[in-house]
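For the sequence shown, the residue numbers in my numbering are 1 to 92. Input: a single structure, listed below in structure tokens.
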Amino acid sequence: MATFRDDLIQAHFEAHLDLRWVTDLEPKFKAAQLDAAEMEEYREAWRGHTENRDWDWWLDKVKGMSSAALQRDIAECHTAIETFRNSSETDR
1 MATFRDDLIQ
11 AHFEAHLDLR
21 WVTDLEPKFK
31 AAQLDAAEME
41 EYREAWRGHT
51 ENRDWDWWLD
61 KVKGMSSAAL
71 QRDIAECHTA
81 IETFRNSSET
91 DR
């Protein structure tokens, strides 16, 4: 049974994955004109690879962070994603 802290750390990791995907990887796939299904396939493969590679490192990285700091960082990631998406729509 997962604890609140475990769920929070997982959400923190996923927020950073989402931010990286939206700002770095998704634009490249869109430029290559992949359709939504193809992008989702790549995204899931990338997420699995990244989690397998980085999860233990991430746990060590966040062990000293308070729950409040993790929550703030998650909110900042979500804000950055929205800002990036809004600016990308404006650029089009």
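We treat Cβ as the ideally placed atom computed from N, Cα and C, and that holds for glycine. Model, not experiment: these values are computed from the prediction.
- Pairing Val62 with His12 gives a Cβ-Cβ distance under 8 Å.
- Contact between Met39 and Glu26 is confirmed by a C-beta separation of about 7 Å, below the 8 Å threshold.
- Between Asp6 and Ile81, the gap from beta carbon to beta carbon reaches 8 Å or more.
- Leu59: member of the alpha helix (DSSP H) spanning Ala36 to Val62, first to last residue.
- Taken through DSSP and simplified to helix, strand or coil, Thr3 comes out as coil.
- Sixteen is the threshold: since fewer than 16 other Cβ atoms of the shown chains lie within 10 Å of the Cβ of Trp55, the residue is exposed.
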